[in-house]
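Residue numbers for the sequence shown follow the UniProt record's numbering, beginning at 1 and rising by one. Heads up, the beta-carbon is just placed ideally off N, CA and C, and yes, glycines get one too. Predicted, not measured: the structure shown is a model, and the values here were computed from it.
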Amino acid sequence: MTSWKKHGPDPRRSKGRLVQTLTLTILMTFLVHLLSAVPALAQEDLALSPPPHSKAAEKKRKEAALKGPSIQVDPSFPYYQNRSPESIADELLQRGYKTVHYFVVNETDVNRSFIEALQAKGIGVWALVLGNGSYSTARFPADWPSWQMELLKPLNDGYYRFSPHSPAYVQWKKQALAKLVRDYPFDGIEVAEPYFPEWDGINRGVYGDVGPLAQKAFRDKTGLEMPDFTNASSPRYYLTDTAAYLKWVDFRVEAVNDFLNELMNGKGGVREARPNILVATWSLAIDAGPGSFDKLRELQGLDAAAMVGRVKPDIHFLQTHWPDWLKPQESLPPDYVKHYRVFADKIKAEYPDLPLGVQADIGSALSMVKDGGWVSAFSDSVRALGYSTWTAYEYHLGGYMYKEAPVPGKAQRLSRTEVKIPFQKRIDEGSAKSEGNVTVSAGTQSFTLNPGEISVDGSNLLIRSDRLPKKEFRLTLRGIKDTPGFWFYNKTQTPNVIGGNVAVEVPKQ
Numbered sequence: 001m002t003s004w005k006k007h008g009p010d011p012r013r014s015k016g017r018l019v020q021t022l023t024l025t026i027l028m029t030f031l032v033h034l035l036s037a038v039p040a041l042a043q044e045d046l047a048l049s050p051p052p053h054s055k056a057a058e059k060k061r062k063e064a065a066l067k068g069p070s071i072q073v074d075p076s077f078p079y080y081q082n083r084s085p086e087s088i089a090d091e092l093l094q095r096g097y098k099t100v101h102y103f104v105v106n107e108t109d110v111n112r113s114f115i116e117a118l119q120a121k122g123i124g125v126w127a128l129v130l131g132n133g134s135y136s137t138a139r140f141p142a143d144w145p146s147w148q149m150e151l152l153k154p155l156n157d158g159y160y161r162f163s164p165h166s167p168a169y170v171q172w173k174k175q176a177l178a179k180l181v182r183d184y185p186f187d188g189i190e191v192a193e194p195y196f197p198e199w200d201g202i203n204r205g206v207y208g209d210v211g212p213l214a215q216k217a218f219r220d221k222t223g224l225e226m227p228d229f230t231n232a233s234s235p236r237y238y239l240t241d242t243a244a245y246l247k248w249v250d251f252r253v254e255a256v257n258d259f260l261n262e263l264m265n266g267k268g269g270v271r272e273a274r275p276n277i278l279v280a281t282w283s284l285a286i287d288a289g290p291g292s293f294d295k296l297r298e299l300q301g302l303d304a305a306a307m308v309g310r311v312k313p314d315i316h317f318l319q320t321h322w323p324d325w326l327k328p329q330e331s332l333p334p335d336y337v338k339h340y341r342v343f344a345d346k347i348k349a350e351y352p353d354l355p356l357g358v359q360a361d362i363g364s365a366l367s368m369v370k371d372g373g374w375v376s377a378f379s380d381s382v383r384a385l386g387y388s389t390w391t392a393y394e395y396h397l398g399g400y401m402y403k404e405a406p407v408p409g410k411a412q413r414l415s416r417t418e419v420k421i422p423f424q425k426r427i428d429e430g431s432a433k434s435e436g437n438v439t440v441s442a443g444t445q446s447f448t449l450n451p452g453e454i455s456v457d458g459s460n461l462l463i464r465s466d467r468l469p470k471k472e473f474r475l476t477l478r479g480i481k482d483t484p485g486f487w488f489y490n491k492t493q494t495p496n497v498i499g500g501n502v503a504v505e506v507p508k509q
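So this is what it looks like as structure tokens:
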């Protein structure tokens, strides 16, 4: 009892304490009800737009990454420079893309802010890396030259080709990809172009790997010397000793698939680093008549069904081979993918539930640029053929960039004094600021915005003015141009101009 009196509450103050407790309870209950009175619409908005790093947002992006249109983007091009990553995301959304394949030219040089800006807008992001080489060796280990393939003839085209027979390269690549997915919040990882060179490579001298790395690996595996591809009088000539050549062909297929499997599933590889990340495999497809599948397997070591069985991806992409994509638009109909059925059918026969995607090239060479109408028809055709998704290289290289006038999207009221109008392509700030090109009207009130009230961030027109009405109003846009100087081709072309007077309705604050 003495102990209780010393350390417990004073009985004479218990009644007052009880009143205080009841009062606090009532206040807390009131606050809980007050907080719960947030409008249902706001709660729904939160549910529809979860934070980009939440599990719900990640799940939504991953679902989108396996279906519907997507696009390849290389943010190192000038078109994506001197603008915010947010404006790039807004532009891609204006084009209807919810998934981007980020072309990672060098695994040691990645734009984190670009990834995060896309994901903040609900856009899924694949890390797309190349398997058989690199355009850049910056910050590579000092021994990288020892990784290289050898071709029948030297080829100095700015691309460094690495051999899957190089243990050092395989280990470096595996560690680089594991670090890539640990350090950056990509939704998926894919290795494009893991194959050996090249289509018709023996005849053209661009066939490989035929260097010491390949020779040793083949000898270790089969006990045989590599076939001879140049001396028709040699007993090892590939068309003479056909038994050895068939073993060589199988050896190359296994090398490609073992390489990919080690990157994704090997100890210390991608799936160990990020167990839940999406994985895509890529192989080529070509319309070369009967025997296309077998010829591609023979020349470039590609067997898509075997690749899928080895790596166990979440999706497989058929990449359009250069003899097809190099055709001009008038020679490559948008439904050309129907000729890839033999490639798709071999995968579906063994893995009927695996989603399939297809990749096109829409502008790597000026002579074969594909315009917006072609891309739209291609998208329709791919869907009709049963593919889950498609993508194309590269977003800003498409013919729509050179042909289309700027078109504004839906205005976004950022605050009482701020409005953003996203366009479907980059726009010129000088033309937007030209006198009379942006006017405001609300009822009987109408005025022209001053240059200081107008700015441009890539494809976004930004208005900041204390004069903006609080209620709904209309912006009338005229004379706004696009930006040929940021294009890859046609830099001296006369800019495309927004058509006439275009009205954009702005909601109230």
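(request) Following the continuous alpha helix (DSSP H) through Ser113, name the residue where it begins and the one where it ends. (result) Here residue 113 refers to the residue found at position 113 of the sequence shown. Residues 112–120.
(request) To the nearest angstrom, report how far apart Ile115 and Pro85 are at their CA atoms. (result) Position 115 of the sequence shown, counting from 1, holds the residue named residue 115. Position 85 of the sequence shown, counting from 1, holds the residue named residue 85. In a straight line, the C-alpha of Ile115 is about 8 Å away from that of Pro85.
(message) For Ser459 and Leu224, what's the separation of their Cα atoms in angstroms?
(response) Sequence index remark: in the sequence shown, residue 459 carries index 459 (1-based). Sequence index remark: in the sequence shown, residue 224 carries index 224 (1-based). Answer to the nearest angstrom: the Cα atoms are 59 Å apart.
(request) Have a look at Leu155 and Leu213 and give me their C-alpha separation to the nearest angstrom. (result) For this step, residue 155 is matched to residue 155 along the sequence shown. For this step, residue 213 is matched to residue 213 along the sequence shown. About 18 Å.
(message) Whole angstroms are fine: how far does the CA of Pro313 sit from the CA of Trp322?
(response) Along the sequence shown, read from residue 1 onward, the residue named residue 322 stands at position 322. Along the sequence shown, read from residue 1 onward, the residue named residue 313 stands at position 313. Cα-Cα distance, rounded: 24 Å.
(request) Check whether the stretch 322–340 touches the stretch 297–312, taking contact to mean three or more Cβ pairs, one atom from each stretch, closer than 8 Å. (result) no
(request) Would you mind sorting Gln319 into buried or exposed? The rule is 16 or more other CB atoms within 10 Å of its CB. (result) Position 319 of the sequence shown, counted from the first residue, corresponds to residue 319. That one is buried.
(request) Look at the Cβ atom of Ser441, then the Cβ atom of Thr476, and state whether they are nearer than 8 Å. (result) Translated into positions along the sequence shown, residue 441 becomes position 441. Translated into positions along the sequence shown, residue 476 becomes position 476. For Ser441 and Thr476, yes; Cβs fall inside 8 Å.
(message) If I follow the unbroken alpha helix (DSSP H) through Trp248, where does it start and stop?
(response) Numbered from 1 along the sequence shown, position 248 holds the residue referred to as residue 248. Trp248: member of the alpha helix (DSSP H) spanning 242–265, first to last residue.
(message) Which complete beta strand (DSSP E) runs does the stretch 354–427 hold, if anything under 3 residues is left out?
(response) With a minimum length of 3 residues, the continuous beta strand (DSSP E) runs that stay inside the stretch 354–427 are 356–361, 389–393, 412–415, 418–422.
(request) Assign Gln43 to one of three DSSP states: helix, strand, or coil. (result) The sequence position of residue 43 within the sequence shown is 43, counting from 1. With a pLDDT of only 32 at Gln43, under 50, the local geometry of the prediction cannot be trusted, and no value is derived from it.
(request) Kindly indicate the opening and closing residues of the beta strand (DSSP E) around Gln72. (result) If you number the sequence shown from 1, residue 72 lands on position 72. Start and end: 71–73.
(request) Please name the residue in Tyr97, Lys121, Gly211 whose C-alpha comes closest to that of Pro50. (result) Walking along the sequence shown from the start, residue 50 turns up at place 50. Scanning Tyr97, Lys121, Gly211 for the CA closest to the CA of Pro50 turns up Lys121.
(request) Could you round the C-beta distance between Ser163 and Asp209 to whole angstroms and report it? I think they count as a contact, below 8 Å. (result) Here residue 163 corresponds to residue number 163 of the sequence shown, with the count starting at 1. Here residue 209 corresponds to residue number 209 of the sequence shown, with the count starting at 1. That belief holds up - the Cβ atoms of Ser163 and Asp209 are roughly 5 Å apart, short of 8 Å.
(message) My output table needs one value for Asn460: the three-state DSSP class, helix, strand or coil.
(response) Here residue 460 corresponds to residue number 460 of the sequence shown, with the count starting at 1. DSSP places Asn460 in strand when its eight states are reduced to three.
(request) With DSSP collapsed to three states, give me the class of His165. (result) For the purposes of this step, residue 165 is taken as the residue at position 165 of the sequence shown. Three-state DSSP puts His165 in coil, outside helix and strand.
(request) Would you list the one or two residues that DSSP bridges to Val502? (result) By 1-based counting over the sequence shown, the position of residue 502 is 502. In the DSSP output, where bridge partners are listed per residue, Val502 has Leu477.
(message) If we require 3 or more residues per run, which beta strand (DSSP E) segments fall completely within the stretch 296–362?
(response) 315–320, 356–361
(request) Count the C-beta pairs between the stretch 52–59 and the stretch 75–85 that are closer than 8 Å, then say yes if the count reaches three, no if not. (result) Contact fails between the stretch 52–59 and the stretch 75–85, because fewer than three Cβ pairs, one in each stretch, are under 8 Å apart.
(message) Looking only at its chain, what residues have a beta carbon closer than 7 Å to the beta carbon of Phe229, apart from the 5 residues adjacent to it on each side?
(response) One-based indexing of the sequence shown puts residue 229 at position 229. For Phe229, where only same-chain residues beyond five positions count, the Cβ hits under 7 Å are Leu152, Ile202, Tyr207, Val210, Tyr238.
(request) Please work out which residues of its chain come closer than 7 Å, Cβ to Cβ, to His33, disregarding the five sequence neighbours upstream and downstream, and give them in chain order. (result) Here the question's residue 33 lines up with position 33 in the sequence shown. With a pLDDT of 38 at His33, under the threshold of 50, the modelled position of this residue cannot be trusted; read the value that follows with caution. Here the set comprises nothing.
(message) Can you look up Ser134 in the DSSP assignment and give me helix, strand or coil?
(response) As a working note, residue 134 is residue 134 in the sequence shown. Ser134 falls in the strand class under three-state DSSP.
(request) Determine the burial state of His396: buried for a count of at least 16 other Cβ atoms within 10 Å of its Cβ, exposed for fewer. (result) Here residue 396 refers to the residue found at position 396 when the sequence shown is read from its first residue. A buried status is given to His396, since no fewer than 16 other beta-carbon atoms sit within 10 Å of its beta-carbon.
(request) Give me whichever residues DSSP pairs with Thr448 in a beta bridge. (result) Translated into positions along the sequence shown, residue 448 becomes position 448. Its beta-bridge partners are Thr439.
(message) Does the contact criterion of 3 or more C-beta pairs under 8 Å hold for the stretch 487–502 versus the stretch 444–451?
(response) No, the stretch 487–502 does not touch the stretch 444–451.
(request) Use the C-beta contact count for Glu262: other C-beta atoms within 10 angstroms, 16 or more gives buried, fewer gives exposed. (result) One-based indexing of the sequence shown puts residue 262 at position 262. Looking at its Cβ environment, which holds 16 or more other Cβ atoms inside 10 Å, Glu262 is buried.
(message) Taking the beta carbon of Val506 as the centre, do at least 16 other beta carbons fall within 10 Å, making it buried, or is it exposed?
(response) By one-based count along the sequence shown, residue 506 stands at place 506. By the neighbour-count rule (16 or more Cβ atoms within 10 Å), Val506 is buried.
(request) Could you tell me whether the Cβ atoms of Phe251 and Lys221 are closer together than 8 Å? (result) In the sequence shown, residue 251 corresponds to position 251, counting from 1. In the sequence shown, residue 221 corresponds to position 221, counting from 1. In this structure, Phe251 sits near Lys221, with a CB-CB distance shorter than 8 Å.
(request) Please list the segments of the beta strand (DSSP E) lying wholly inside the stretch 168–247, counting only runs of 3 or more residues, in order along the chain. (result) 188–192
(request) Determine the DSSP secondary structure at Gln81, reduced to helix, strand or coil. (result) Working through the sequence shown from its first residue, we reach residue 81 at position 81. Note: Gln81 maps to coil in three-state DSSP.
(message) If you measure between the beta carbons of Val129 and Val104, is that distance less than 8 Å?
(response) As a working mapping, residue 129 is identified with position 129 in the sequence shown. As a working mapping, residue 104 is identified with position 104 in the sequence shown. In contact: Val129 and Val104 (Cβ atoms closer than 8 Å).
(message) Within the continuous alpha helix (DSSP H) that includes Ala273, where are the two ends?
(response) Position 273 of the sequence shown, counted from the start, is the residue given in the question as residue 273. Segment 270–273, the alpha helix (DSSP H) holding Ala273.
(request) Count the other C-beta atoms from every protein chain shown that fall within 10 angstroms of the C-beta of Tyr79, then say buried if there are 16 or more, exposed otherwise. (result) As a position in the sequence shown, residue 79 is number 79, starting the count at 1. Buried: at least 16 other Cβ atoms inside 10 Å.
(message) If the criterion is Cβ atoms closer than 8 Å, does the pair Pro406 and Ile480 meet it?
(response) Position 406 of the sequence shown, counting from 1, holds the residue named residue 406. Position 480 of the sequence shown, counting from 1, holds the residue named residue 480. Contact annotation: Pro406 and Ile480 have beta-carbon atoms nearer than 8 Å.
(request) For residue 517, count neighbouring C-beta atoms within 10 Å of its own C-beta (all shown protein chains included) and say buried if the count is 16 or more, exposed if not. (result) Nothing about residue 517 can be read from this structure; the chain reaches only from 1 to 509.
(message) According to DSSP, simplified to helix, strand and coil, what is Asp482?
(response) Reading the sequence shown from its first residue, position 482 is the one you call residue 482. If DSSP states are grouped into helix, strand and coil, Asp482 belongs with the strands.
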